[in-house]
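Heads up, the thing below is written out as structure tokens.
Residue numbers (the working numbering): 246 to 698.
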């Protein structure tokens, strides 16, 4: 049987001794976790898959196709290590929410000084706005790739088509958000359906492209990096380890956690430990599914365009995949991008609401949040700026914003007075700080390269 204790999964007997007393523990109490049942497990699937959609959003399309076209399979290893970081980070975010009954922004507001909270809120808002811009532009591009060519024949300009696509995408996102009015699990299932569609689309692409599997395996395991690829590598990292879903995931576990918050304290501890065990499986499944989709993007780009710099990786890839592999490949690419844009834009709006409500302790309508965040994307489209360049730039911004979400998460999950039984054990804590150090080092190297021109 697998148990979760203080950030550590292990196999042992049916009884689990707890660490020193904290607010979540009783030193005289040794809980017995029930056996893992598949029916219960399925009822806990969902939060990590909602978070995972942010790991296969339009920013990933732009960064991965750019990296695959320029450098072939050489950056596959970035996705492997980014995924390992994502699993750890999302696990910690879920654990914080399960242990405390509060989201990461709420815990920051309770535990840190007011100036620190304001600074963290501003950093979180920057990451949320950059995310939402990328995702909304991706949804508009998805509509454009599917329906735009026909309207071009009628004399419409690309900017006009993208503006109409943006309005249509906003209507679709409002409709998806409205599902939560009928229960959070309906929204979870809708997002999981989008993940499945994206996965099927890329499975079809992989069947058609026939990549060099030996090269795929080699470059997945062997790191390679130089000055030319660092910008794309950091943008891929920013696209894969997303700061806004760190805040969101700690909130997504709350509905199930509230269902368990009944009965005596000892029973609640057992239920929370069981919840964390199920959520760990959810995280592992969802993050690895996202990793496979991201890897498929690079493999398709490398096999089809390896060694060629695409002026616009998304549009050029869609335009070229048709002649190379047939109309079905181009259609699958566009459908996957559209599903990615719509679902990730929905998730980004949810994250934005959690951020502003948690840090500032105010109530904020999710539909108003969606309406406000439409404005930057529509302004970018109306100005005629290249959506692809904005997409890749947004991913670099996200990578720089990551430490301001990760450092508070590690400080909080390492706080025994707050976490009690669920406090990070030393290996988990070390792995978390190594992750932060790698991200900060990559960002520093990117800044140094930029200053040197």
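Positions of the beta carbon are idealized from the N, C-alpha and C atoms, including for glycine.
In this structure, the straight-line span from the alpha carbon of residue 376 to that of residue 307 is close to 13 Å. Taking the Cα positions, residue 331 is about 12 Å away from residue 494. Using a C-beta cut-off of 8 Å, the stretch 540–548 makes contact with the stretch 307–323, since at least three inter-stretch Cβ pairs fall below that distance. Take the alpha-carbon of residue 301 and the one of residue 294: they are about 11 Å apart. Taking the C-beta atoms as reference points, residue 644 is found nearer than 9 Å to residue 687. Per the coordinates, the alpha-carbon of residue 422 lies some 10 Å from the alpha-carbon of residue 435. With a beta-carbon spacing of about 25 Å, residue 490 and residue 624 fall beyond the 8 Å limit used to define contacts. Taking the Cβ atoms as the reference, residue 641 lies roughly 6 Å from residue 479, within the contact range of under 8 Å. The C-alpha of residue 368 lies about 21 Å from the C-alpha of residue 305.
With respect to the 9 Å criterion, residue 456 and residue 544 are classified as neighbours on the basis of their beta carbons. Nearest Cα to residue 446 within the set 584, 309, 397 and 380: 584. Within a 10 Å sphere around the beta-carbon of residue 653 sit 16 or more other beta-carbons, which makes this residue buried. In this structure, residue 328 places its C-beta atom within 9 Å of the C-beta atom of residue 533.
Counting along the chain, no alpha helix (DSSP H) covers residue 425, and no H or E run does either. Burial check for residue 441: the Cβ neighbour count within 10 Å stays below 16, so the residue is exposed. Between residue 366 and residue 607, the beta carbon gap of about 11 Å keeps them out of contact (Cβ cut-off 8 Å). Pairing residue 333 with residue 657 gives a Cβ-Cβ distance that is not under 9 Å. By the neighbour-count criterion, in which a residue is buried when 16 or more other Cβ atoms sit within 10 angstroms of its Cβ, residue 364 is exposed. Inter-residue distance for residue 437 and residue 291 is about 7 Å (C-alpha atoms, whole angstroms).
C-alpha of residue 354 to C-alpha of residue 497: approximately 18 Å in a straight line. When the beta-carbon positions are compared, residue 596 and residue 411 stay at least 9 Å from each other. Around the C-beta of residue 527, 16 or more other C-beta atoms lie within 10 Å, and the residue is accordingly described as buried. Its Cα nearest to that of residue 453, the residue 566 stands out among 384, 566 and 522. Distance from the Cα of residue 298 is smallest, within the candidate group 345, 386, 556 and 443, for 443. Scanning its chain for C-beta atoms nearer than 6 Å, with the 5 sequence neighbours on each side dropped, one finds around residue 391 the residues 579, in chain order. Apart from the 5 residues on each side of it in sequence, residue 387 sits with its Cβ closer than 7 Å to the Cβ of 579, 582, 583 and 586 in its chain, given in chain order.
Bounds of the alpha helix (DSSP H) holding residue 586 are 572–605.
For residue 647, there is no enclosing alpha helix (DSSP H), as DSSP marks it with neither H nor E.
If you ignore the 5 residues before and after residue 588, its C-beta comes within less than 6 Å of the C-beta of 298, 436 and 439, all in its own chain and listed in chain order.
The three-state secondary structure of residue 610, taken from DSSP, is coil.
Between the alpha carbons of residue 379 and residue 621 lies a gap of roughly 10 Å. In this structure, residue 525 sits near residue 339, with a CB-CB distance shorter than 9 Å.
Measuring C-alpha to C-alpha distances from residue 679 to each of 690, 667, 651 and 664 identifies 651 as the nearest. Assigned with DSSP and collapsed to three states, residue 394 falls in helix.
Here the alpha carbon of residue 554 sits roughly 19 Å from the alpha carbon of residue 539.
Inter-residue distance for residue 664 and residue 351 is about 14 Å (C-alpha atoms, whole angstroms).
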